[in-house]
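Working notes, structure below.
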Amino acid sequence: MAQDLFLYENISEQLTAHIRSGNYQPGERLPSVRALSKLFGVSINTVIQSLRKLELDGYVDIRERSGAFVCAALPSVGSGQSVAHFPLLPVDVSLSEDILRYMEPHTRAGILHLGIALPAAELMPVPRIMRLYRELTRRQPQAVWDYSHPNGVASFARQLSHRSLTHEVPLAEHDILVTNGCMEAIELALRTVTRRGDVVAVETPTYYGSLLALEVLQRRALEIPTHYRDGLCLYSLEQAFKRGQVKACLVSCNAQNPLGFSLSLERKRKLVELASRYQVPLIENDIWGDTVYSGDSLPAKAFDSEGMVIYCSSFSKSLMPGLRLGWVAAGRFHGRLRELKQISSITTAAAPQLLVGRLMESGGYAQHLQQLRARLQAQVQTMIEIVRQSFPAGTQVHEPQGGCVLWVRLPDKQDARMLFERALAHGIHVFPGSVFSAGVNHSDFLRLNAGSPVTAETEAKLRCLGELAGLSQSG
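Residues in the sequence shown are numbered consecutively from 16, following the numbering used here.
Quick look at the structure:
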């Protein structure tokens, strides 16, 4: 695997040198994939990897069915190396005040909520959930009233384990600990395998909640370059592992927030193989995994034969955030994580576990997921079309493979924080991209939530947001 990675890196370096020397001018189309394959004597897949790395580094723009074109403005490089070859340096995280500020408008009434990533309640089987809850409190009042086992309710854990039967390494009931949402699982995982001052590798951009957890726990972040289609750069990650820079790696492999990509099965295998080879614990946040529109959404945990993956998930995005129902499968770290859970929150409420366990056992949850994925994908496509029609020329937005967020790049390096203020004054809540990085990246991005049906009012306000982005551009 390492040889393949070095091969495509080498080709991308050669193409980068040609671009920077002026052999290919801004706007010029590079040779076709087949031509480059013949020129370098490598497979078409290797050429595609090389071009995608060039796109990640900011040297080319890949246009569907047209090819790869040299970007109008090339990235500034101090040492003649591409962006991904800069020495990766850990940084302290200090985003809590910004994150709280940008989250606060979500509680306000009378505004369009495009900030917080969450499918709307009307996409969920709320009446059925309430009916099941009333039935549980009537039939099992003692179980609902009492503490549950620290590991969780056995019937619920059993249903979770059944969902892993297609994994190469299935989970057993005793492998699972139930948590109060996914964030508790992630926090417990970080406390299990790292200490204060340790460095954790993360994608960039990554979910701001993960960065907030690092800040609160006083860990530092090492940001790994990440592509909107292929996920984090495995070459850069391996270099960090080789140098002993990190104590753990925190990633999302399915419907990643905010980029929306899902790693291929091959890249998931490689990711787990790297973690096992270098003995670096891999914390997998799979909270959006159940929303992948189509294809195989197996987690990286499915290939974890050595117990190096700590798998974290919940039902907050796929069913009901108010349940606060998450779970973790910690592999070889199970014992220590269980100890931390017991001194942290002791146990998790039984009622949500009994409820969701019943819903899974009846087949109702699987049926709901089919409908949810189709509706989310339709809403996402509708919003993308509106953004492309109403935002200023040069705006970039790509269709995610799951979830309900759009990662939108504004033209001319606009600062999305300014657009946040303007939008809020017009009753629109968005999330600036700057808080999805511990460094100074992504300030010209914003994240939009497409979790709600697109009504006439939603469309009007989206078009208003596009006009505001245009005003910011001209201003």
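By construction, the Cβ of each residue, glycine as well, lies at the ideal position given by its N, Cα and C atoms.
Where does residue i fall in DSSP's three states?
i           : result
residue 411 : strand
residue 136 : helix
residue 129 : coil
residue 419 : coil
residue 181 : coil
residue 210 : coil
residue 93  : In this prediction, residue 93 scores a pLDDT of 42, lower than 50, which makes its location untrustworthy; no coordinate-derived value is stated.
residue 264 : strand
residue 473 : helix
residue 100 : Only weak support is given to the placement of residue 100: the predicted model assigns it a pLDDT of 44, under 50, and the value that follows is read from those uncertain coordinates. Note: residue 100 maps to helix in three-state DSSP.
residue 383 : helix
residue 19  : Low per-residue confidence applies at residue 19: pLDDT is 44, beneath 50, and the placement is therefore not dependable, though the value from the model is reported in the following sentence. Three-state result, residue 19: helix.
residue 147 : helix
residue 430 : coil
residue 192 : strand
residue 108 : coil
residue 353 : helix
residue 424 : strand
residue 362 : coil
residue 254 : helix
residue 25  : helix
residue 123 : coil
residue 162 : coil
residue 468 : coil
residue 274 : coil
residue 394 : helix
residue 171 : helix
residue 368 : helix
residue 224 : helix
residue 406 : coil
Quick check on this structure: which residue in the options has the alpha carbon closest to the alpha carbon of residue i?
i           : options               : result
residue 26  : 125, 35, 62 and 44    : 62
residue 390 : 133, 468 and 143      : 468
residue 407 : 484, 103 and 144      : 484
residue 209 : 193, 51 and 261       : 261
residue 289 : 311, 404 and 257      : 257
residue 308 : 272, 51, 388 and 28   : 388
residue 118 : 105, 284, 132 and 303 : 132
residue 379 : 233, 31, 44 and 147   : 147
residue 66  : 399, 159, 23 and 440  : 23
residue 476 : 448, 401 and 436      : 401
residue 224 : 241, 248 and 199      : 199
residue 222 : 373, 430 and 420      : 420
residue 280 : 154, 182 and 478      : 182
residue 49  : 38, 173 and 83        : 83
residue 384 : 340, 335, 124 and 341 : 335
With distances taken between CB atoms, is the gap from residue i to residue j smaller than 8 Å?
i           : j           : result
residue 351 : residue 207 : yes
residue 314 : residue 305 : no
residue 270 : residue 454 : no
residue 192 : residue 369 : no
residue 204 : residue 343 : yes
residue 312 : residue 267 : no
residue 187 : residue 170 : no
residue 298 : residue 201 : yes
residue 41  : residue 54  : no
residue 325 : residue 345 : yes
residue 338 : residue 330 : yes
residue 395 : residue 465 : yes
residue 416 : residue 275 : yes
residue 226 : residue 89  : no
residue 291 : residue 321 : yes
residue 439 : residue 120 : yes
residue 332 : residue 156 : no
residue 443 : residue 127 : yes
residue 456 : residue 219 : yes
residue 162 : residue 362 : yes
residue 114 : residue 450 : yes
residue 231 : residue 318 : no
residue 212 : residue 233 : yes
residue 264 : residue 71  : no
residue 69  : residue 103 : no
Tell me residue i's beta-bridge partners as DSSP assigns them.
i           : result
residue 388 : DSSP, once it has assigned bridges, lists no residue as partnering residue 388.
residue 240 : 219
residue 246 : 242
residue 446 : 462
residue 235 : 214
Kindly say whether residue i, judged by its beta-carbon, lies nearer than 8 Å to any beta-carbon of chain D.
i          : result
residue 53 : Of the protein chains in this structure there is only one, and it is not chain D.
Would you say the beta carbon of residue i comes nearer than 7 Å to a heavy atom of the ligand MN?
i           : result
residue 423 : Among the ligands in the structure shown, none appear at all, so the ligand MN cannot be discussed.
Exercise for the section: Return the chain-ordered ranges of every beta strand (DSSP E) run that is complete within the stretch 277-349 and spans a minimum of 3 residues. Expected result: Runs found: 297-300, 324-329 and 341-344.
Practice task
Just list the alpha helix (DSSP H) runs in the stretch 28-96, keeping only unbroken ones of 4 residues or longer that don't cross its boundaries, in chain order.
Solution key: Counting whole runs of 4 or more residues, the stretch 28-96 contains the alpha helix (DSSP H) stretches 48-55 and 59-72.
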